[in-house]
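One structure is given here, and the rest of the page talks about it.
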Amino acid sequence: MNNDKTSASQLSELTQDIDRILITEIEIKNRIIEIGRQISNDYHGKNPLLIGVLKGVLFFLADLLRCITIPVEVDFLAVSSYSTEARNKGVVRLVKDLDIPIQDRHILFVEDVVDTGLTLNYLLKNLKMRNPTSIQVCTLFDKSKHRLVSLPLSYVGFELPDRFVVGYGLDFREKYRNLPFVGLLKPSVLAREMDGE
Ligand code: PRP
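The sequence shown maps to residues 142 to 338 in the working numbering.
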């Protein structure tokens, strides 16, 4: 079987659930090139460690790394909520810690989306206790209307509307992350998924 055709038909199966594309693949690509250029200038000579929080950041981080032209290292964290209540209080559980020590390092924390800011706030506090030289945050998407804690974001790709969006790492029940663009799910799809609960 032709692999190109297989992957194209899988994508169209997901695309048919999309109501409207909000940010196109090319817009994402161009913005990441700009951010990569900025980071390469700002961190010249600093050998930064980029830290991503799994899983949504996977796509952005992989593309961003290839747009950065200076030496960098990369590591990952994975978090899980104890409960919805705990998460609402900004408490998350580290289920995968860093492999690389961060003391005296320049850290660039990379997120796919900052929403309430609670996850990031918790993780930044945790990382600061490990005495890095600096920590800055880079997020591709910002849902600033949802923010519950004020956080300094040094690099932001796009502001997202107060809507449920999927694609380019953003999921709905673990689905749609692999869409190359960001779009709105059809209301009928949302209703169907809710019915299936
Ligand atoms: C997303 C994102 C952040 C968090 C932001 O992860 O990657 O880690 O939500 O939300 P907040 O600002 O309201 O705390 P999610 O929990 O969706 O997991 P995923 O990356 O595996 O999709």
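Just so it is clear, CB atoms sit at the ideal spot from N, CA and C, and this is done for glycine as well.
ask   = Shortest alpha-carbon distance to Ile176 belongs to which of His287, Glu334, Phe282?
value = Phe282
query = In whole angstroms, what separates the C-alpha of Leu155 from that of Ile248?
reply = 35 Å
query = Tell me the DSSP bridge mates of Gly324?
reply = Ile162, Val307
ask   = Just to confirm, are Asn182 and Pro212 a CB contact at a threshold of 9 Å?
value = no
request  = Confirm the yes/no value for this check: CB of Val278, any heavy atom of the ligand PRP, distance under 8 Å.
outcome  = no
key: Distance between Lys237 and Asn143 (C-alpha atoms, nearest Å)   = Because the pLDDT at Asn143 is just 48, under 50, the model does not fix this residue reliably, and the value given afterwards should be weighed accordingly. Approximately 37 Å, taken between the alpha carbons.
task = Could you give the DSSP three-state label for Lys266: helix, strand or coil?
result = helix
ask   = Going by beta carbon distance, what residues of the same chain come within less than 8 Å of Leu265, once the five residues before and after it are set aside?
value = Phe250, Ile276, Val278, Leu292
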